[in-house]
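Undergrad: Please read through the structure below; I'll follow up with questions.
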Amino acid sequence: MILRGLWERRTLSLVVLLIAIVPIASAAVGPIYSAAARTTIARDAVKAAPLEGRGWRYTTTQGGIEAKVAAFTAGADFTGPPVLGMEASSGRPGDRRAFSLVWQDGQCRHLPLVEGSCPDAAKEVMASQASGFKVGEKIRLSAVVDVEYTPTGRKPASLTVVGIYRPGPAGDPFWFGRTLFSPTGEPSQDKADALFTVPETRLETYNVSGGQGEEGGWTDYAVVSIVADRLEGTDLAKLAAMQATAESTGRTSGDIVFSRVADTVRAVTAGAGALGVPTLLVIAQVVALGWMLLFQTVGDLVRARGAEIALARLRGHGRARVWLFALAEPLLLLAAAVPLGLLPGHAAAGVMIGALLPAGIPVTFPPEAALAGVAAMLGGVLAAAMAAWRTATRPVTEEWRRTPRRTARGWVLDAVVLAVTAVGLVELLATGLITDVSGSSSGALAVPGLIALGVALLAARALPVLTRRLFPVTRRRGGLGPFLALRQVARGPVTAGSVIVLGAAFGLATFAVSAWSATSGDYAETARFHNGAATAITVRPVEPSRLIDAVAAADPGGRTAAPVIKVPGPPQLIATDPQRLAAVGAAWRPDLAAGASLAQAAARLPTPSEPRVWVRGDRFRAEVKHDRPPEGWTMKLFVTFRVPGQLRPAQLPLGDLAGRSGVHEWNLPPACRQARCELRAFRGQPVPPEQFEDPAFVRVTVTGMAVRDQGRWRSLAMPRWDADPGRRDGTFAITMVDNQTLRPATYDERPPAVAVGDIGTRVVPGLDNAYAGPVRTVVASAAAPGLTDAGVLVNLEQADRMAYGVHDKAAYQVWTGLTDTAALERELERQGLSVVSRRHVADLTASFAGQGPGLALLLLLASALAAAALALGRTVLALHTSARRRGYELAALEASGARVAALRVALLLEQVITIAAGTLAGLLAGLVAARVALGRIPQFTSPPVTPPLPHEVAAVPVVLVAGAALLISLLAAVVVSELLLRGIRVERLRETPT
3 MILRGLWERR TLSLVVLLIA IVPIASAAVG PIYSAAARTT IARDAVKAAP
53 LEGRGWRYTT TQGGIEAKVA AFTAGADFTG PPVLGMEASS GRPGDRRAFS
103 LVWQDGQCRH LPLVEGSCPD AAKEVMASQA SGFKVGEKIR LSAVVDVEYT
153 PTGRKPASLT VVGIYRPGPA GDPFWFGRTL FSPTGEPSQD KADALFTVPE
203 TRLETYNVSG GQGEEGGWTD YAVVSIVADR LEGTDLAKLA AMQATAESTG
253 RTSGDIVFSR VADTVRAVTA GAGALGVPTL LVIAQVVALG WMLLFQTVGD
303 LVRARGAEIA LARLRGHGRA RVWLFALAEP LLLLAAAVPL GLLPGHAAAG
353 VMIGALLPAG IPVTFPPEAA LAGVAAMLGG VLAAAMAAWR TATRPVTEEW
403 RRTPRRTARG WVLDAVVLAV TAVGLVELLA TGLITDVSGS SSGALAVPGL
453 IALGVALLAA RALPVLTRRL FPVTRRRGGL GPFLALRQVA RGPVTAGSVI
503 VLGAAFGLAT FAVSAWSATS GDYAETARFH NGAATAITVR PVEPSRLIDA
553 VAAADPGGRT AAPVIKVPGP PQLIATDPQR LAAVGAAWRP DLAAGASLAQ
603 AAARLPTPSE PRVWVRGDRF RAEVKHDRPP EGWTMKLFVT FRVPGQLRPA
653 QLPLGDLAGR SGVHEWNLPP ACRQARCELR AFRGQPVPPE QFEDPAFVRV
703 TVTGMAVRDQ GRWRSLAMPR WDADPGRRDG TFAITMVDNQ TLRPATYDER
753 PPAVAVGDIG TRVVPGLDNA YAGPVRTVVA SAAAPGLTDA GVLVNLEQAD
803 RMAYGVHDKA AYQVWTGLTD TAALERELER QGLSVVSRRH VADLTASFAG
853 QGPGLALLLL LASALAAAAL ALGRTVLALH TSARRRGYEL AALEASGARV
903 AALRVALLLE QVITIAAGTL AGLLAGLVAA RVALGRIPQF TSPPVTPPLP
953 HEVAAVPVVL VAGAALLISL LAAVVVSELL LRGIRVERLR ETPT
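Residue numbers (the working numbering): 3 to 996.
Right under this line is the structure:
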């Protein structure tokens, strides 16, 4: 009987089923998309992490490395096969350098061979080209000894060099961030490049280096890497557990696990946390819209069975049986809608994930998706129960009235909803109870739903009142069409519900479009400033002067490229060529810098004109006059040079001071014979006797300098000096307190700078991160290219003159306004720079959009637009159904002489007024919500300090959405009106109305 009833009402039943399927599918999309977004966040965090943050290096001296690593990675499907290795460290007789003897599985594929071959037998090794060893040479390491025991003990094993390699590219993940060799081919004086052997070497040697528990004990290790493309969002708990195990291993055993995965776990946790609450709020609002749609549609189905329910009551059935009879059809449809809705929901989520997220993200079906679908369906259950209760308790005679009595719509429910909405808005926006100190809160995403619902309720109340005000006008003019349309809008049963649904749905859609357009602009603006220019090319570290010269040679016109060195601080430091920076179109906004353009700011960062002190040769000599050192004290004199090819300065000992004057000499670094070195400073070091009463104070004056080149001495011009304020004659003091340094006065002691943030008199890091002194602010701006926090922008030449070296964490870049940088990179490579990577503004913008808040806004945008389309369709259908129920009345009007054109106008105007009112109310609510909430909703996982976010809503997307909605509404109204008019026939008056 239930199935027959569904067939009798097949059109309405099909409509109810379809409208139930769509909210269930929309609700299921959220959790599926959220799971994929978490996977995206996890994978992006792993890919962005340094090498040490993408895996673990498990080290043991107790053997059993394979079993230990297998236990460590058990259940972790996201890890790759471990790369096994072994090593021993040792010195070499007659050589001050320390050597590492290493085997790592697959090593030959990562070591470019220059001569010979890779080792394949015990005691064969491969040496670096920079080590000076030759193929066939025998090497003996002190701690690597033969197994055979001789009367004099075990002797160092004879290792045969069978191949010469050249270090591979820097950052090769195979080595897991280890410095086994210098990528520049210039090992330090105390550490040589690694020697590579085969595992069979351990079978014929012992390692007797210090710290080993027994003879023969090599250090075994395994590199376990995280395969980003296998990682999923649900693996976060396992990843954190593995890192906890790694951290506890060193405390509970003799093994050591090195890794920076803890930083990666924190990044994934922060990103997932920024996604969780916004996504939940989006899903809740989509489910709420589904409830509203189902509440009205399912109620229509129950009301359509009113006469049958009344007949069941007349037959004497009990209340429970009547209720069961009333609820049977809607509950059956809703139950069928759950699986039918989850399937297209999964498919729609797959389409969204494929379109909005990176390629390769899997589409899963988490349990939360089914729960969200069931939650959306519960709105229909509630609507069916309430409609069945009203129908079951309504007087039977009312069900058979040809024109049922109209009942006034109560204010109680609306007042309660409006009160709750007002309280929610006050708590979200005014009290700050759920707003953090930054002014942003994920809870602000609930604001558009609340505002849209409140405005929709008010619009539903205001529309009938406004139309009644026009009743007198339609009595006098306008014809029958407007007369009928306004009265039906004012008194019709579907007007209020349609306006509420449309207003809420389009309010959320308008906010979503506004928020996404504003957030996209904020992402682009932030990326533009943080990247510095259109493209930032990262190169390997070189000395600043070499970077400047290479960029000048690659771009002789000075319009395409700018050299940049970034020091993290805080405060941050950006050192660059100001004129080139302005020429390449770096990020800048005059309104943030008191109207100053970038060219004007660059002109206030001049390059110092004082010549530097350059030397070239093999030996340096200094003539000094000084006070006589106190008895028992030793005064050491040092000179500091900047050496080509080295990022750190070279300090040379010139000897001890004696008497009242002297000439002091020392050999220059070898690099100074081939290229110019720069004199940076003189300084002294007092060495006190074992007992003394007063500290020593010796004043020293440099009176002359010379350099020896090719056996001939050449005097150097004396520069202006900077040591004691007010003195420029080359005098400085050596003392235990306030020891002074004598430096050539080639730089401004308080260099001019473009300052962002509260810098004031704070010392800045300088290129060497030494925090030498404050800057002089010549332009104060709220944002500057390359700065992500408070910091300064200075002249690179000025910064290089001030610093002794360059900090290890400094980033070396070349900024350009080009997006296709292939030609520029070739020129930079030709000038000796090694390009590591490049980053475009679009790349950084995409990374911001891929964070948790951005992914949640994408979900809100897609869900809200789908809900708006569904609400529009449901409203048109409801108006069509209402008009069909009035078919008897319309036929009577036609029989009484009403023209078809007037009826067409009445039907069309009724639908246009209702749909336009709901759409415009939603548009107003969405714009108000955007103005109120945009500055409060989170957009970034970590809100940027600079630049200030404009939050500008693009008018074009909003106009397109509103215009498309109104155009579709008008077309739908025209089509529906014509269909209804074709169904109006005078012959219906002869039928018995149902």
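No residue lacks a Cβ here, since even glycine has one placed at the ideal position from N, Cα and C.
Quick one: what's residue 35 bridged to in DSSP?
TA: The partner list for residue 35 (beta bridge, DSSP) is empty, contrary to what the question assumes.
Undergrad: By alpha-carbon positions, which one of 536, 812, 762, 757 ends up nearest to residue 649?
TA: 812
Undergrad: Within 10 angstroms of the Cβ of residue 331, are there 16 or more other Cβ atoms? Answer buried if so, exposed if not.
TA: buried
Undergrad: Taking only the alpha-carbon atoms, compute the straight-line gap between residue 577 and residue 778 and give it to the nearest angstrom.
TA: 15 angstroms
Undergrad: Residue 269: buried (16+ other C-beta within 10 angstroms of its C-beta) or exposed?
TA: So residue 269 counts as buried.
Undergrad: So, at 7 angstroms on beta carbons, what are the nonlocal neighbours of residue 339 in its own chain, with the 5 sequence-adjacent residues on each side left out?
TA: 19, 22, 23, 26, 379
Undergrad: Residue 208 lies in the beta strand (DSSP E); which residues open and close that run?
TA: 207-209
Undergrad: According to DSSP, is residue 66 helix, strand or coil?
TA: DSSP places residue 66 in coil when its eight states are reduced to three.
Undergrad: Is residue 808 helix, strand or coil by DSSP?
TA: Of the three classes helix, strand and coil, the one that applies to residue 808 here is coil, per DSSP.
Undergrad: So residue 524 packs on residue 941, CB below 8 angstroms; how close in whole Å?
TA: 6 angstroms
Undergrad: Drop a sphere of 10 angstroms on the beta-carbon of residue 802, count the other beta-carbons inside from all chains shown, and report buried for 16 or more, exposed for fewer.
TA: Classification for residue 802: buried.
Undergrad: Buried or exposed: residue 73, going by 16 or more other Cβ atoms within 10 Å of its Cβ?
TA: exposed
Undergrad: Are residue 90 and residue 220 closer than 9 angstroms when you measure CB to CB?
TA: yes
Undergrad: DSSP three-state label for residue 638, please.
TA: strand
Undergrad: Is residue 862 near residue 598, with beta carbons less than 9 angstroms apart?
TA: no
Undergrad: Return the first residue and the last residue of the beta strand (DSSP E) that residue 463 is part of.
TA: Per DSSP, residue 463 belongs to no beta strand (DSSP E); it is in the alpha helix (DSSP H), 449-471.
Undergrad: Roughly how many whole angstroms lie between the Cα atoms of residue 776 and residue 766?
TA: Separation of residue 776 and residue 766 (C-alpha to C-alpha, rounded to the nearest whole angstrom) is 6 angstroms.
Undergrad: Kindly indicate which three-state DSSP category residue 694 falls into: helix, strand or coil?
TA: Of the three classes helix, strand and coil, the one that applies to residue 694 here is coil, per DSSP.
Undergrad: Does the Cβ of residue 41 have 16 or more other Cβ atoms within 10 Å, making it buried, or fewer, making it exposed?
TA: Within 10 angstroms of the beta-carbon of residue 41 lie 16 or more other beta-carbons, which makes it buried.
Undergrad: Could you name the residues of the same chain whose beta carbon sits closer than 6 angstroms to that of residue 555, not counting the 5 residues immediately before and after it, in chain order?
TA: 833
Undergrad: Would you mind stating whether residue 372 and residue 344 have Cβ atoms separated by less than 9 angstroms?
TA: yes
Undergrad: For the stretch 319-382, which segments carrying the beta strand (DSSP E) assignment without a break, of at least 3 residues, lie completely within its bounds, in sequence order?
TA: none
Undergrad: Note the first and the last residue of the continuous beta strand (DSSP E) segment covering residue 924.
TA: Here residue 924 belongs to no beta strand (DSSP E); instead the alpha helix (DSSP H) covers 902-935.
Undergrad: With DSSP as the reference, identify every bridge partner of residue 92, one or two as the case may be.
TA: 101
Undergrad: DSSP beta-bridge partners for residue 842?
TA: Partner(s): 537.
Undergrad: Is it true that the CB of residue 85 sits closer than 9 angstroms to the CB of residue 176?
TA: Yes. Within cutoff.
Undergrad: Just how far apart, CA to CA, sit residue 818 and residue 928?
TA: Looking at the two C-alpha atoms, the distance is approximately 40 angstroms.
Undergrad: According to DSSP, is residue 939 helix, strand or coil?
TA: coil
Undergrad: By how many angstroms is the C-alpha of residue 831 removed from the C-alpha of residue 135?
TA: 29 angstroms
Undergrad: Which residue's Cα is closest to the Cα of residue 806: 228, 158, 826, 684?
TA: 684
Undergrad: Assign residue 622 to buried or exposed, taking buried as 16 or more other Cβ atoms, counted over all protein chains shown, within 10 Å of its Cβ.
TA: buried
Undergrad: Helix, strand or coil for residue 139, going by three-state DSSP, please let me know.
TA: coil
Undergrad: From which residue to which residue does the beta strand (DSSP E) around residue 815 run?
TA: 813-818
Undergrad: Answer with buried or exposed for residue 828, where buried requires no fewer than 16 other C-beta atoms within 10 angstroms of its C-beta.
TA: exposed
Undergrad: Taking the alpha carbon of residue 979 as the point to measure from, which residue in 931, 946, 914, 950 has its own alpha carbon closest?
TA: 914
Undergrad: For residue 649, name the three-state secondary structure that DSSP assigns.
TA: coil
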